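Take 3 as the starting number for the sequence shown in UniProt numbering and just add one per residue. Okay, structure first, notes after.
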Amino acid sequence: REVYVEGSFVSEHEARISVFDRGLLFGDSIYEVTAVIEGRLIDNDLHLARLERSLGELEIPMPLSKEAIVEVQTQLIARNKLREGVIYLQISRGIADRNFGYAEDIKPTFFAFTQARDISDTAALRDGIRVAVVDDQRWARRDIKTTMLLAQVQAKHVASQRGCKEAWLVEDGFVTEGASSTAYIVTADNRIVTRANSRAILPGCTRRAVIKVADQLNLVVDQSRFTVEEAQNAREAFLTSASSLVTPVIEIAGRAIGDGKSGPVTRLLQKTYLDLALGSPAQ
Ligand code: PLP
3 REVYVEGSFV
13 SEHEARISVF
23 DRGLLFGDSI
33 YEVTAVIEGR
43 LIDNDLHLAR
53 LERSLGELEI
63 PMPLSKEAIV
73 EVQTQLIARN
83 KLREGVIYLQ
93 ISRGIADRNF
103 GYAEDIKPTF
113 FAFTQARDIS
123 DTAALRDGIR
133 VAVVDDQRWA
143 RRDIKTTMLL
153 AQVQAKHVAS
163 QRGCKEAWLV
173 EDGFVTEGAS
183 STAYIVTADN
193 RIVTRANSRA
203 ILPGCTRRAV
213 IKVADQLNLV
223 VDQSRFTVEE
233 AQNAREAFLT
243 SASSLVTPVI
253 EIAGRAIGDG
263 KSGPVTRLLQ
273 KTYLDLALGS
283 PAQ
């Protein structure tokens, strides 16, 4: 695999990052993940807009223009002949001797790589997944996509020990979001409920695209909080992220949702979103 580090495309075996990089020492860095399907970047404008916002919130300068970042992504797709998978981008504040404080003029470190994997045709999309419920232990600025991901790593490990593919994080009795996805339920009166954007969750790019799809389909989207109990009693549940698209949730903390299968609203959103993302008209 060829990866991008600081201006060059090199073999993954040759890529080097300093031990003094603040991304390593402090988690002083942000990241983005864009899906690639049929060799094309999905919702990439939204991901680059969020990348710019995350950097702005941390007062880290953009390492390159958005156009130049797209060129790096395009090169990575071509050099690795990537048809389907993801492109990961990471930008840290930069390299300096270890000190909490930092100089204003430090130069950010930018690297990127591809991961080939199935996205558009998976068992999870067809059959749905189980999610575990875990306490949300993260910090108070979850709207910034930082690489400080230990709470998510732990939550996903607990989920995996319980035979689940994702953890839904809970704070004050309400679901915030998934460890790496946005959480939704569909109520008995066919409302799609997902938490409103705030500092409590990451504003999902797929969330934004799927809400637009729901509006076009004249489905009602209610941007409000829901409890674990409401989720367990919902007619349907699903999650979204760049790499999992619209994935049905068929079980929450051991309790089957609806009839325990992917529901009709979820399937409609899944198909329409994927058709739109790929640029072919929805039927
Ligand atoms: N919430 C969290 C905590 C995430 O880490 C992610 C993605 O990794 C999402 C939501 C979904 O965001 P997106 O749809 O932009 O991938």
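In this text, a Cβ means the ideal position worked out from N, Cα and C, and glycines have one as well. Here the structure is a predicted model, which is why all the values come from computation and not from measurement.
So does residue i have its beta carbon nearer than 8 Å to some heavy atom of the ligand PLP?
i: Ile203; result: yes
i: Arg144; result: yes
i: Arg197; result: no
i: Arg52; result: yes
i: Lys147; result: yes
i: Leu57; result: no
i: Glu179; result: yes
i: Val35; result: yes
i: residue 286; result: For the chain, the structure presents residues 3 to 285; residue 286 sits outside this window and is missing.
i: Leu27; result: no
i: Cys166; result: no
i: Thr184; result: yes
i: Ala244; result: yes
i: Leu271; result: no
How is residue i classed by DSSP in three states: helix, strand or coil?
i: Arg73; result: The question names Arg, but residue 73 is Glu in the sequence shown. Glu73 falls in the helix class under three-state DSSP.
i: Ser10; result: strand
i: Ile79; result: helix
i: Val222; result: coil
i: Pro250; result: strand
i: Ala134; result: strand
i: Ser56; result: helix
i: Thr124; result: coil
Work out the CA separation of residue j and residue i for me, nearest whole Å.
i: Thr116; j: Leu152; result: 22 Å
i: residue 290; j: Pro250; result: Absent from the structure is residue 290, since the part of the chain shown begins at 3 and ends at 285.
i: Thr76; j: Ala114; result: 11 Å
i: Ile187; j: Leu66; result: 38 Å
i: Ile93; j: Leu50; result: 12 Å
i: Lys214; j: Ser245; result: 18 Å
i: Val177; j: Glu16; result: 42 Å
i: Ile32; j: Ala161; result: 25 Å
i: Ile254; j: Thr36; result: 27 Å
i: Glu59; j: Ile71; result: 19 Å
i: Ile79; j: Ala211; result: 23 Å
i: Ala157; j: Gly180; result: 9 Å
Would you be able to state if there are at least three C-beta pairs under 8 Å between the region 14-26 and the region 94-102? yes
How about the region 133-148 and the region 262-271: do they share at least three Cβ pairs that are nearer than 8 Å? no
With a threshold of 8 Å, are at least 3 pairs of Cβ atoms found where one atom belongs to the region 144-151 and the other to the region 194-204? yes
Does the region 116-128 touch the region 77-90, meaning 3 or more C-beta pairs lie closer than 8 Å? yes
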